[in-house]
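According to my numbering, the residues represented by the sequence shown are 3 to 346, in order.
Each residue gets a CB set at the ideal place from its N, CA and C atoms; glycine is no exception.
Heads up: the structure comes next, in C-alpha cells.
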Amino acid sequence: MTRRIVLALFLPLALLLSACVSSSSADKSGASGNTDGKGDVTLNVGDQKGNDEAVLRAAGELTNLPYKIKWSTFTSGPPILEAVSAKAVDIGGVGNTPPVFAAAAKSKIKVVAAKHGTADGEAIVVKKGSSLKKTSDLKGKSVAVAQGSSAHYQLVASLEKAGLSIKDVKVSFLQPADALAAFSRGRVDAWAVWDPYTSQALRQADARILTSGKGVVNGLNFQVANPSSLDDKKKAKVIKDYLARLRRAQNWVYKHPEAWAKVWGKETGLPYQVALDSVKRTNGTRVYVAVDKPAIASEQQIADTFAKLKLTPRRFAFSDYVDTRFNGGLPPSTSAPRTYGKDS
3 MTRRIVLALF LPLALLLSAC VSSSSADKSG ASGNTDGKGD VTLNVGDQKG
53 NDEAVLRAAG ELTNLPYKIK WSTFTSGPPI LEAVSAKAVD IGGVGNTPPV
103 FAAAAKSKIK VVAAKHGTAD GEAIVVKKGS SLKKTSDLKG KSVAVAQGSS
153 AHYQLVASLE KAGLSIKDVK VSFLQPADAL AAFSRGRVDA WAVWDPYTSQ
203 ALRQADARIL TSGKGVVNGL NFQVANPSSL DDKKKAKVIK DYLARLRRAQ
253 NWVYKHPEAW AKVWGKETGL PYQVALDSVK RTNGTRVYVA VDKPAIASEQ
303 QIADTFAKLK LTPRRFAFSD YVDTRFNGGL PPSTSAPRTY GKDS
C-alpha cells in the first residue's frame, strides 16, 4: 500500500520517461495525433505529451498554417529519434542526452536547433533532515539516478567538480517512479534528477537541493531532423518556419508562466504549483540559441563521458550530427538563460 501511495503522489505515466532519458522500456511506436494546417506539404513531427504541440497551440502558433503538421506522440526522446532515423517523422524535440546515444548508434539524425535554459532543475536532492551539506559529503553514500540520463551525466560531473568519481558513491540505477519510492523510504541517501521531477520532489517528497547542475551541465534541449527531410527543399523551408514558430511560442511561455503552467498541468497531470515551479525554475527560462561550436563542444563532452563509462559503443564527433543552416539571427549558445524576477 505504501508503494502505491508513493507512486500515486508522483507524476503520471505520460511523464515517467522524460526526454532526458537515454533508453526507454515503454512503447516505441508513435500514436497518430492531431493534424493542423493546410497545404501540399506535410511535416511529420515527433512529440511528447505536453511538449511542442501543446506550447504551440497555447501560444496560438498553429493557426493559419500554410502547411500541414501531423503529430505523433511518443513516451520519451529515444523513440522519437528512432522514428526520425527511420523517416517515420521529419523532426522532433528531445533533451541533451538522447542525441548522444542516437549518434553513438549511428542513427540518421541531424541536430538543427537548440534551446538553452537554466540548469537549476538538474539537481541532486536529499531529505531536508539529511546530514549531507555539500557534494563531497556523498562519498560512500547511495544515489539513485536513471542510467544514461542527463541526471546521470550531471551526477558524474558534479562529483568530479567535488574531487570525487562515480566510483566513490553507491549508484542505484532507477527510473523516476522507483527512485522516488527508494528516496521516500530512505533506501537511498540522494537522488539525481531533473525538472519537473525536481519540483515534484521538493513539493511532495520532503526534499531539498544538495547541488544543482549550474556550471556543470549545458542546459540544452534540441530539435533533431532526418537528413533526407533537410535535403528536400520544400520540407527544409517548412522546417525553418516551424522552428520560428517554436521560438515565438517559447517567448510566449516566458511572458505567460502562469498560463502555461495551467496548460502544462492539464496536459500532463502535474499539480499546478509543481508545474509553475518547474516553469519558473527551468521550462520558462529557455530561449532558442545557435547550435554553435560551444554547444557542439559541450555535447561532445557528454558523449566522451558516456563512452568512457562504456555506456555507449563508440567515440564519435558530435559535429557530424549537426546541421547549422538554421542558426541565422540566433544568439550564441553561451548566452545567459532568462530568469524570472530579474528581467520579467
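- Query: According to DSSP, is TYR155 helix, strand or coil?
  - Reply: It is helical.
- Name, in chain order, the residues that DSSP records as bridge partners for THR37. Note: THR37 is bridge-paired with LYS72 in the DSSP secondary-structure output.
- Item | Assigned secondary structure, GLY48 (DSSP; H/G/I helix, E/B strand, else coil) | In this structure, GLY48 counts as strand in the three-state DSSP scheme.
- Span separating the alpha-carbon of ARG288 from that of LYS310: Those two C-alpha atoms are separated by around 30 Å.
- Query: Helix, strand or coil: which one does DSSP assign to LEU222?
  - Reply: When DSSP states are grouped into helix, strand and coil, LEU222 belongs to the strand group.
- Message: Here's the rule I'm using: 16 or more other beta-carbon atoms within 10 Å means buried, otherwise exposed. How should ALA299 be labelled?
- Response: By the 10 Å Cβ count, ALA299 comes out exposed.
- Would you mind sorting ARG283 into buried or exposed? The rule is 16 or more other CB atoms within 10 Å of its CB. Of the residues assessed, ARG283 falls on the buried side of the cut-off, its CB having 16 or more other CB atoms within 10 angstroms.
- Message: Between which two residues does the alpha helix (DSSP H) holding ILE241 run?
- Response: Note, ILE241: alpha helix (DSSP H), 235-257.
- Message: Check whether the segment 262-279 and the segment 176-189 are in contact - that is, three or more C-beta pairs closer than 8 Å.
- Response: No, the segment 262-279 does not touch the segment 176-189.
- Taking all protein chains shown into account, do 16 or more other C-beta atoms lie within 10 angstroms of the C-beta of GLY331, making it buried, or fewer, making it exposed? With fewer than 16 other Cβ atoms from the protein chains shown falling within 10 Å of its own Cβ, GLY331 counts as exposed.
- Query: Mind pulling the beta strand (DSSP E) runs of 3 or more residues that sit fully within the segment 264-323?
  - Reply: Counting only runs of at least 3 residues, the segment 264-323 fully encloses the following beta strand (DSSP E) elements, listed from N- to C-terminal order: 289-291.
- Message: Quick check: ALA192 and VAL145, are their CB atoms within less than 7 Å of each other?
- Response: Their beta carbons are under 7 Å apart, which means ALA192 touches VAL145 by this criterion.
- State the DSSP-derived secondary structure class of ALA105, mapped to helix, strand or coil. Helix, per DSSP.
- Item | Where the beta strand (DSSP E) through LEU212 begins and ends | Where LEU212 is concerned, the enclosing beta strand (DSSP E) stretches over 209-214.
- Below 8 Å, can you find three or more Cβ-Cβ pairs linking the segment 57-69 to the segment 165-184? Flag = no, the segment 57-69 and the segment 165-184 do not touch.
- Query: Starting from GLY79 and walking both ways along the alpha helix (DSSP H), at which residues does that stretch end?
  - Reply: Run containing GLY79: 79-87, per the alpha helix (DSSP H) assignment.
- Message: By the DSSP assignment, the alpha helix (DSSP H) with VAL57 in it spans what residues?
- Response: The continuous alpha helix (DSSP H) containing VAL57 extends over residues 54-60.
- Message: Within a Cβ cutoff of 8 Å, which residues of the same chain sit near LYS237, ignoring the five residues on either side of it in sequence?
- Response: If we look at LYS237 and ignore the five residues flanking it on each side, its Cβ neighbours are VAL43, LEU45, ASP92, SER231.
- Message: So, for ARG5: in the same chain, excluding its five sequence neighbours on each side, which residues have a beta-carbon less than 7 Å away from its beta-carbon?
- Response: Residue confidence for ARG5 is low, a pLDDT of 38 falling below 50, so the modelled location carries little weight; the figure read from the coordinates is stated next. In its chain, beyond the 5 residues on either side, ALA183 have a beta carbon closer than 7 Å to the beta carbon of ARG5.
- Taking buried to mean at least 16 other C-beta atoms within 10 Å of its own C-beta, is ALA338 buried or exposed? ALA338 is exposed by the Cβ-count criterion.
- Task: Apply the 10 Å Cβ neighbour rule to ASP233 and answer buried if 16 or more other Cβ atoms are within range, or exposed otherwise.
- Result: When all chains shown are included, ASP233 counts as exposed.
- Item | Local Cβ density within 10 Å of GLN275, reported as buried at 16 or more and exposed below that | With fewer than 16 Cβ atoms within 10 Å of its Cβ, GLN275 is classed as exposed.
- Message: Closest to THR175 by C-alpha separation, out of LYS89, TYR155, THR77, LYS163, would be which residue?
- Response: The amino acid occupying residue 175 in the given sequence is Phe; Thr does not appear at that position. Of the candidates LYS89, TYR155, THR77, LYS163, the one whose C-alpha sits nearest the C-alpha of PHE175 is TYR155.
- Query: Name the DSSP bridge partner or partners of VAL173?
  - Reply: VAL145.
- In or out: LYS169 buried (at least 16 other Cβ within 10 Å) or exposed? By the neighbour-count definition (other C-beta atoms within 10 Å, threshold 16), LYS169 is an exposed residue.
- Message: If I follow the unbroken beta strand (DSSP E) through ALA184, where does it start and stop?
- Response: ALA184 -> not in any beta strand (DSSP E); alpha helix (DSSP H) instead, spanning 178-186.
- Message: Just list the residues that DSSP pairs ILE126 with in beta bridges.
- Response: The secondary-structure analysis by DSSP pairs ILE126 across a beta bridge with ALA194, THR213.
- Message: Short of 6 Å in beta carbon distance, which residues of its chain neighbour PHE320, apart from the five on each side in sequence? Order them along the chain.
- Response: Residues ILE298, GLU301, GLN302, ALA305 of the same chain have their beta carbon placed closer than 6 Å to that of PHE320, with the five preceding and five following residues left out of the count.
- Whole-angstrom C-beta distance between ALA209 and LYS117, which should lie under 8 Å: Actually they do not touch by this definition, with Cβ atoms about 26 Å apart.
- Measure the C-alpha to C-alpha separation of LYS235 and SER167 and round it to an integer number of angstroms. Roughly 48 Å between the two C-alpha positions.
- Message: If the criterion is Cβ atoms closer than 7 Å, does the pair PRO68 and GLY94 meet it?
- Response: With respect to GLY94, PRO68 sits apart: the two C-beta atoms are not nearer than 7 Å.
- Does DSSP put LYS110 in a helix, a strand or coil? LYS110 carries a coil assignment under DSSP once its states are collapsed to helix, strand and coil.
- Range of the contiguous alpha helix (DSSP H) that encloses SER201: Counting along the chain, the alpha helix (DSSP H) containing SER201 begins and ends at 199-206.
- Query: Hey, THR200 and ALA125 are a contact pair by Cβ (cut 8 Å); roughly how many whole angstroms apart?
  - Reply: Between ALA125 and THR200 the Cβ distance is about 5 Å, and since that is below 8 Å, they are a contact.
- Boundaries (first-last residue) of the beta strand (DSSP E) holding VAL91: Per DSSP, VAL91 lies in no beta strand (DSSP E) segment and is marked neither H nor E.
- Cα-Cα, which of VAL324, GLY343, ILE211 is closest to VAL113? Looking at VAL324, GLY343, ILE211, the one whose alpha-carbon comes closest to that of VAL113 is VAL324.
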